Each structure stands twice: as C-alpha cells, then as structure tokens.
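Undergrad: In our numbering, each number is its position in the sequence shown, counted from 1, plus 37.
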Amino acid sequence: MDEDTQTAQAGHEAPPPARATAESFGLEWTTHGEVARLYASEADLWREFETFRIPPDLFPGKRVLDAGAGMGRWSYAAAKSGARHVVAFDLHDGVHAARRLTRGVGRVSLLKANIFALPFRDASFDSIISIGVLHHTGDTYRAIRVLLPLLRAGGRLFLQLYETRGTAKDRRMAALLRVTNRMPKRLLYWLCVVLVAARYVPLLKNLIQAVNHFVQVVSFGRHRTFWRNVADTYDWHCCPYRTFHTAEELLRVFADAGLVDVAITNPAYRGGINIVGRRPEAARDGGPGPAEGMQGVLADSGEAR
C-alpha cells in the first residue's frame, strides 16, 4: 500500500484506513484488556503461548520488539520469559491496557505507532515477535521488510500469520469481510456477542458449524472463555485488511529476505503459520550497546508511552 496505509509517529492524525484499523482493534483491546477476560487462568495464557513453539532462547537477556502488541499479553509473556527489555507498539489505544498488564513484570516500554512509520533505529533489537498482526496491515510483505532492518546481526524474527483455508473459502471470507468491515464497530461487536452466545445453544450450534464450513462466521474454542470467543470473532470480522498465506510461501519470503535457520516452529498448529528466521551473523550493524535504553532504540524522534 502507499500513503493510505501510513501514518506519522504518535500524536499525528492517521489517514482513513489506518484510523479504521486503529478504531477496529482499539475497541477490541480496550474492551478485552485484561487477562482474566480472555483466559480462565494465567496458566491458559501460557499454554497458548507454548503452542507457538517460539525458541526458548529468543527472550532471556534479549532486547525484544513486540510488533503489534494488542493488549500486551505476548509482551507480558516475553518479559516474564526473561527478556532484558521489551519494546512494544501498536496503532491504537490498546497500548494503555498493555501498559497496565506489563507494569511490574520487567522492563517494558510501550509506544503508539504505525508499523509503516516506526521511530526505531536500525539494528536495535536482538529478537522481534509479531503474533497475529502483519496479515492485518494491508501489505504483509512490506511489513516484514520494515521489521528486518531493526534486527541486529544474529537476531531472530518470529511471526504468526493466518494460514490459507483454501482459495475458494478465502474468497468467500474476503467477500464477507467487505460487508462486516462497513458496519459500525460497536454494532458489529454486539452482533459478535450474539453469534457467540448462539454457538452455545445446541440447535444453533449445529447451524453455525454448518455455516462455518462454508464461510467462517464464529471463531470458537470450547476451552476458551466466552469473552475470548467474542474477541476472536470480532477480530475476525472487524479488520480493514486480512491476508492468508501458505508455509511454503513464507519460507520462500524469509529465504529471499536473506534470513537463515528458517523453520516452521509448529507445523501442527491449526489456522496459523508460526515461522522463525535469523539474520546472518555477517550482517553489519551499528546498534546501541546492551546498556542503552529507549534513547538508544528511538531515532531522532519518537515518544515512549
């Protein structure tokens, strides 16, 4: 995408598509900004985190960037997993929920920023994670290219992106998204509440499952909380952009970008592709030294929040 997907740093007005993305996900993550609303227990959060199969040495002692933090649950997990410093950003007001969640769990810095106008210096991070985000940017490949220079030599990038459901179903879901994306966000949210509630009713459950086979209308996990199912269903329908990918495609994208040790971390994961790659040690960088803080990460301007 071009100027329509870009915005300046925090404090500047975003163009319409970026504002729509911020409005959509800001509602989601300010409404569902507490772990207790999404998980029956913190142990459930960790069980989900473990299914991504992120290499365990991605965090301890590392400066980590969480690209698209949402309400901060994966920034929280990174900090609790031993990261020396977690820097996280997102486009919307969910960063305030992320700040509350990560307060007191380690060194976590939150910024409100657009991925296509980031305020960071090149080679600032040992590790970058982006879980369930880049497929909502409008240009997934460009978003990947934006993140790569931020890695130090030897640093690793971990992404989770939507996996294709098959060409025909992907097209049907894109058509449905064009409808739901035009709805007022609060109306759409409460429609998702009704749909999820209907999924718990035996007769309606069968109907929804039949429809989901053709085009997904409810995102549902029987071991998830009611409000987590609402958040996931709303997330599915609210986004201005959504792309689907294959493992083979992403392996090629990572390799073409010059990353090495590329791997799908959990091939059995349903609905998403979890992929990791490393920037070669031979890459040159002039990143800030280990003792430097946010002033070593930020470029000439940028505001930590």
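Every residue gets a Cβ at the ideal spot worked out from N, C-alpha and C, and that includes glycine. Source: prediction; values computed, not measured.
With a CB to CB cut of under 7 angstroms and the five nearest residues on each side skipped, what residues in its chain are close to residue 268?
TA: Counted from its first residue, the sequence shown places residue 268 at position 231. Result list for residue 268: 65, 69, 75, in chain order.
Undergrad: Following the continuous beta strand (DSSP E) through residue 310, name the residue where it begins and the one where it ends.
TA: As a working note, residue 310 is residue 273 in the sequence shown. Residues 309-315.
Undergrad: Would residue 133 and residue 279 qualify as a contact pair, given that the criterion is a beta-carbon distance under 8 angstroms?
TA: If you number the sequence shown from 1, residue 133 lands on position 96. If you number the sequence shown from 1, residue 279 lands on position 242. Going by C-beta atoms, residue 133 is not nearer than 8 angstroms to residue 279.
Undergrad: Between the Cα of residue 157 and the Cα atoms of 244, 178, 143, 189, which residue gives the shortest distance?
TA: Stepping through the sequence shown from its first residue, residue 157 is reached at position 120. With distances taken between Cα atoms, residue 157 lies closest to 189.
Undergrad: Alpha carbon to alpha carbon, how far is residue 144 from residue 123?
TA: Counting from 1 along the sequence shown, the entry for residue 144 is found at position 107. Counting from 1 along the sequence shown, the entry for residue 123 is found at position 86. Approximately 6 angstroms between the Cα atoms of the pair.
Undergrad: What is the rounded straight-line gap between the Cα of residue 236 and the Cα of residue 213?
TA: Along the sequence shown, read from residue 1 onward, the residue named residue 236 stands at position 199. Along the sequence shown, read from residue 1 onward, the residue named residue 213 stands at position 176. Those two C-alpha atoms are separated by around 19 angstroms.
Undergrad: Flag this pair as yes or no: are the beta carbons of residue 200 and residue 301 separated by less than 8 angstroms?
TA: Locating residue 200 in the sequence shown gives position 163, counting from the first residue. Locating residue 301 in the sequence shown gives position 264, counting from the first residue. Cβ distance not < 8 angstroms, so residue 200 and residue 301 don't count as in contact.
Undergrad: Could you name the residues that DSSP lists as bridge partners for residue 146?
TA: As a working note, residue 146 is residue 109 in the sequence shown. Answer is 124, bridged to residue 146.
Undergrad: Which residue wins for smallest C-alpha separation from residue 165, given the options 138, 106, 137, 140?
TA: Counting from 1 along the sequence shown, the entry for residue 165 is found at position 128. It is 106.
Undergrad: Measuring alpha carbon to alpha carbon, tell me which residue in 260, 161, 297, 274 is nearest residue 80.
TA: For the purposes of this step, residue 80 is taken as residue 43 along the sequence shown, with counting starting at 1. For the residues 260, 161, 297, 274, the minimum Cα distance to residue 80 belongs to 260.
Undergrad: Are there 16 or more other CB atoms within 10 angstroms of the CB of residue 151, so buried, or fewer, so exposed?
TA: In the sequence shown, residue 151 corresponds to position 114, counting from 1. Counting Cβ neighbours within 10 Å, residue 151 comes out buried, since at least 16 surround it.
Undergrad: Between the alpha carbons of residue 318 and residue 119, how many angstroms are there, rounded?
TA: Taking the sequence shown and counting its residues from 1, the one referred to as residue 318 is at position 281. Taking the sequence shown and counting its residues from 1, the one referred to as residue 119 is at position 82. C-alpha separation (whole angstroms): 23 angstroms.
Undergrad: What residue does the alpha helix (DSSP H) around residue 112 start on, and which one ends it?
TA: Residue numbering aside, residue 112 sits at position 75 when the sequence shown is read from its first letter. Residue 112 -> alpha helix (DSSP H) spans 110-117.
Undergrad: Is the CB-CB distance between residue 178 and residue 225 below 8 angstroms?
TA: Against the sequence shown, residue 178 aligns to sequence position 141. Against the sequence shown, residue 225 aligns to sequence position 188. Going by C-beta atoms, residue 178 is not nearer than 8 angstroms to residue 225.
Undergrad: Rank 77, 313, 276, 303 by C-alpha distance to the C-alpha of residue 295 and give the top, closest one.
TA: Within the sequence shown, numbered from 1, the residue matching residue 295 stands at position 258. Of the listed residues, the one whose Cα sits closest to residue 295 is 313.
Undergrad: For residue 135 and residue 147, which I take to be in contact (beta-carbon distance under 8 angstroms), what is that distance rounded to the nearest angstrom?
TA: Taking the sequence shown and counting its residues from 1, the one referred to as residue 135 is at position 98. Taking the sequence shown and counting its residues from 1, the one referred to as residue 147 is at position 110. Yes, residue 135 and residue 147 are in contact; Cβ-Cβ is about 5 angstroms, under 8 angstroms.
Undergrad: Using 8 angstroms for Cβ pairs, my map puts residue 126 next to residue 154. What's the rounded Cβ distance?
TA: For the purposes of this step, residue 126 is identified with residue 89 of the sequence shown, where counting begins at 1. For the purposes of this step, residue 154 is identified with residue 117 of the sequence shown, where counting begins at 1. Contact doesn't hold; Cβ gap of about 11 angstroms is too wide.
Undergrad: Between residue 181 and residue 290, is the Cβ-Cβ spacing less than 8 angstroms?
TA: As a position in the sequence shown, residue 181 is number 144, starting the count at 1. As a position in the sequence shown, residue 290 is number 253, starting the count at 1. Their beta carbons are under 8 angstroms apart, which means residue 181 touches residue 290 by this criterion.
Undergrad: Can the beta-carbon of residue 129 be found less than 8 angstroms from the beta-carbon of residue 203?
TA: Against the sequence shown, residue 129 aligns to sequence position 92. Against the sequence shown, residue 203 aligns to sequence position 166. No; because the gap between Cβ atoms is not below 8 angstroms, this pair is not in contact.
Undergrad: Would you call the CB atoms of residue 138 and residue 110 closer than 8 angstroms?
TA: The count along the sequence shown starts at 1 and reaches residue 138 at position 101. The count along the sequence shown starts at 1 and reaches residue 110 at position 73. In this structure, residue 110 lies closer than 8 angstroms to residue 138 by Cβ.
Undergrad: Alpha carbon to alpha carbon, how far is residue 55 from residue 170?
TA: In the sequence shown, residue 55 corresponds to position 18, counting from 1. In the sequence shown, residue 170 corresponds to position 133, counting from 1. Taking the straight line joining both Cα atoms gives about 14 angstroms.
Undergrad: Where do the ends of the alpha helix (DSSP H) carrying residue 89 lie?
TA: Counted from its first residue, the sequence shown places residue 89 at position 52. Neither: residue 89 is in no alpha helix (DSSP H) and is coded neither H nor E.
Undergrad: Please name the residue, chosen from 114, 216, 245, that lies closest to residue 277 on a Cα-to-Cα basis.
TA: Stepping through the sequence shown from its first residue, residue 277 is reached at position 240. Nearest C-alpha to residue 277: 216.
Undergrad: Are the CB atoms of residue 131 and residue 163 nearer to each other than 8 angstroms?
TA: Translated into positions along the sequence shown, residue 131 becomes position 94. Translated into positions along the sequence shown, residue 163 becomes position 126. No, the Cβ-Cβ distance between residue 131 and residue 163 is not below 8 angstroms.
Undergrad: Excluding sequence positions up to five away, which residues of its chain have a Cβ less than 6 angstroms from the Cβ of residue 211?
TA: The residue labelled residue 211 in the question sits at position 174 within the sequence shown. Same-chain partners within the cutoff: there are none.
Undergrad: What does the alpha-carbon distance come out to for the pair residue 206 and residue 77?
TA: Translated into the one-based positions of the sequence shown, residue 206 becomes position 169. Translated into the one-based positions of the sequence shown, residue 77 becomes position 40. Spanning the two alpha carbons is a distance of roughly 32 angstroms.
Undergrad: Can you pull the DSSP bridge partners for residue 165?
TA: Along the sequence shown, one-based indexing puts residue 165 at 128. Residue 165 is bridged to 102, 194.
Undergrad: Under 7 angstroms Cβ to Cβ from residue 222, same chain only, skipping five residues before and after it: list those, please.
TA: Position 185 of the sequence shown, counted from the start, is the residue given in the question as residue 222. Result list for residue 222: 60, 61, 64, 275, in chain order.
Undergrad: Can you name the start and end residues of the beta strand (DSSP E) that residue 245 belongs to?
TA: As a working note, residue 245 is residue 208 in the sequence shown. From DSSP, residue 245 is part of no beta strand (DSSP E) but of the alpha helix (DSSP H) over 239-251.
Undergrad: Secondary structure at residue 300, three-state DSSP: helix, strand or coil?
TA: Along the sequence shown, read from residue 1 onward, the residue named residue 300 stands at position 263. Strand.
Undergrad: Name the DSSP bridge partner or partners of residue 200?
TA: For the purposes of this step, residue 200 is taken as residue 163 along the sequence shown, with counting starting at 1. For residue 200, which the question treats as bridged, DSSP gives the partners 282.
Undergrad: Given a threshold of 16 other Cβ atoms within 10 Å of its Cβ, counted over all protein chains shown, does residue 247 qualify as buried or as exposed?
TA: Position 210 of the sequence shown holds residue 247. The residue is exposed, with fewer than 16 neighbouring Cβ atoms inside 10 Å.
Undergrad: Taking just the CA atoms, how far does residue 287 sit from residue 243?
TA: Residue numbering aside, residue 243 sits at position 206 when the sequence shown is read from its first letter. Residue numbering aside, residue 287 sits at position 250 when the sequence shown is read from its first letter. So the alpha carbons of these two residues sit roughly 35 angstroms apart.
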